[in-house]
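Numbering-wise, the first sequence is residues 779 to 1140 according to my numbering.
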Amino acid sequence: MSAVTWTLQSKDGEARSGWLDTPHGRIATPAFMPVGTRAAVKAVDSHDLSGVGAEIVLANTYHLMLRPGSSRIAALGGLHQFMAWDGPILTDSGGFQIFSLEPVIEESGARFRSVYDGSTVELTPEGAVRIQEELAPDIAMALDVCVGLPAPADLVEAELERTLRWAERCLRAHTKSDQALFGIVQGGVDPDLRAKSAAQTAALGFPGFGIGGLSVGEGREERRLALEASFAELPEGKPRYVMGLGDTDGLLEAIARGADMFDCVLPTRLARHGKVLTRGGDFSLRNAESESDDRPIDENCVCHTCRTHSRGYLRHLVRVKELSAHRLLTIHNLKYTLDLVGAARQAIESGTFSDFVRGVAA
RNA sequence: GUGGCCGUAGCUCAGCCCGGUUAGAGCACCUGGUUGUGGUCCAGGAAGUCGCGGGUUCGAAUCCCGUCGGUCACC
């Protein structure tokens, strides 16, 4: 029995709602995971995260192995105690960060330069697992090789195969019984390669699967086909996590195809740049139109920010770069995204998911 | 009162000595971008009677005269 299991609750078309059971409790899916790269979701704390209804958060192996180091976090009681978050935590393996650092990829592992001090760092599949066992999240991710798109098919296939070999090594290295290790599907935007990667990753027996290498600038149709090809080869009874996806259309499209989990920096990053998300469309509080607007960001939003502050005030905070602007907009954008996914779940359960999608698009 | 320096975009200034496309920069402002995070960054846009008046010249932010305002020094 895996430390993490997923149970289907209802289906509406290919869209599915379910429960993810972890050592730190049960959460509803589809689920959005706020990104707390360095054991902190930027600008907010764990109390704020509870307040917006987050159930699971993400942290990052790559950043935490460099600072403060996984052994230090282990000595401080593991990630949950370290960041004062009692709910489930997932750590990304660092594959995506490494990919953006122009690494040297060899069969043994990846070599790259630390963004903190420029020193050369090596991360192997076994190392990524060991570090994540020390960090002690509920879910660890296998170390994968993420290829930048567009890329030639033979390169995509070669790295997909390397990712499979690394996945096996991660599984062999993983020993922590109260932690799940998820595999990662690659294959670019080629449906055949996606299917191949998904089928072979599934065959390795992971308790859950990340869909990696997407949300990197590919077209909407390309992504849809890549997701469909991936999901077709993954077992029905295990969770599917689309990595790095978090815009409104992308989330709904992926949920419609059968995705269960997501993470994305978009809501939190946009918040720090003054942009807010609403059902009626996104807009920037930097824009002059909010100057003397006494309405909240979203009349229908029940987040702390919308219950308390006007657009005019928030625009002022953004313009003068008050630190509270980061926190207040982050709270709103996370609430928006979590509510969107939550509403999608309800729609699936009531069999009205496609109507719901049309309503959001309108 | 005398002498020096200064006045160019909302702000801080460059250009003036040696006249020559459409007067520039940074910041601010306006708009767009950001997807398994370095609180950024990138791209575009709008914006100036060159204090004012006169003169010289084919041509003046630039040279000359006057004038207004600011500032410093001396009396």
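Just so it is clear, CB atoms sit at the ideal spot from N, CA and C, and this is done for glycine as well.
Between the alpha carbons of Pro812 and Leu1112 lies a distance of about 7 angstroms.
Assignment of Ser1070 by DSSP, reduced to helix, strand and coil, places it in the coil class.
In the structure shown, Glu939 adopts helical secondary structure according to DSSP, grouped into three states.
Contact fails between the region 1069-1081 and the region 839-846, because fewer than three Cβ pairs, one in each stretch, are under 8 angstroms apart. Comparing C-alpha distances from Leu836 to each of Thr902, Gly855, Ala914, Thr785 shows the shortest one belongs to Ala914. Taking the Cα of Pro866 as reference, the smallest distance to any Cα among Arg1001, Gly983, Thr800, Leu1107 is reached at Thr800. The C-alpha of Gln1124 lies about 48 angstroms from the C-alpha of Ser897.
According to DSSP, Tyr840 shares a beta bridge with no other residue.
In this chain, Asp1133 is not harboured by any beta strand (DSSP E); it is covered by the alpha helix (DSSP H) spanning 1131-1139. When the alpha-carbon of Glu946 is set against those of Ala936, Leu1005, Ile962, the nearest one is in Ile962. Inclusion of Arg794 and Asp1038 in the CB contact set at 8 angstroms is warranted, their separation being smaller than that value. DSSP, reduced to helix, strand and coil, places Thr785 within a strand of the structure shown. In the DSSP assignment, Gly829 falls within the unbroken alpha helix (DSSP H) covering 824-829.
In the assembly as shown, Leu854 is an exposed residue. Its beta-carbon has fewer than 16 other beta-carbons within 10 Å. Segment contact: the region 1013-1026 against the region 1077-1096, fewer than three CB-CB distances shorter than 8 angstroms; contact not assigned. Taking the CA atoms as reference points, Asp1027 sits about 27 angstroms from Thr979.
From the listed residues Pro930, Ala906, Asp970, the smallest Cα separation to Thr953 is found for Ala906. The residues Glu1011, in chain order, have a CB closer than 6 angstroms to that of Ala977 in the same chain once the five nearest residues on each side in sequence are set aside. In its chain, beyond the 5 residues on either side, Val1135 have a beta carbon closer than 6 angstroms to the beta carbon of Leu1030.
Around the C-beta of Asp1133, fewer than 16 other C-beta atoms lie within 10 Å, and the residue is accordingly described as exposed. Residue pairing by DSSP places Ser795 opposite Ser788 in a beta bridge. Rounded to the nearest whole angstrom, the CA to CA distance from Arg1057 to Phe1131 is 16 angstroms. Per DSSP, reduced to three states, the secondary structure at Lys1053 is strand.
Collapsing the DSSP output to three states places Ile851 in a helix.
Under DSSP, Gly803 forms a beta bridge with Thr800. Residue burial annotation: Asn1065 is exposed, with fewer than 16 other C-beta atoms found within 10 angstroms of its C-beta.
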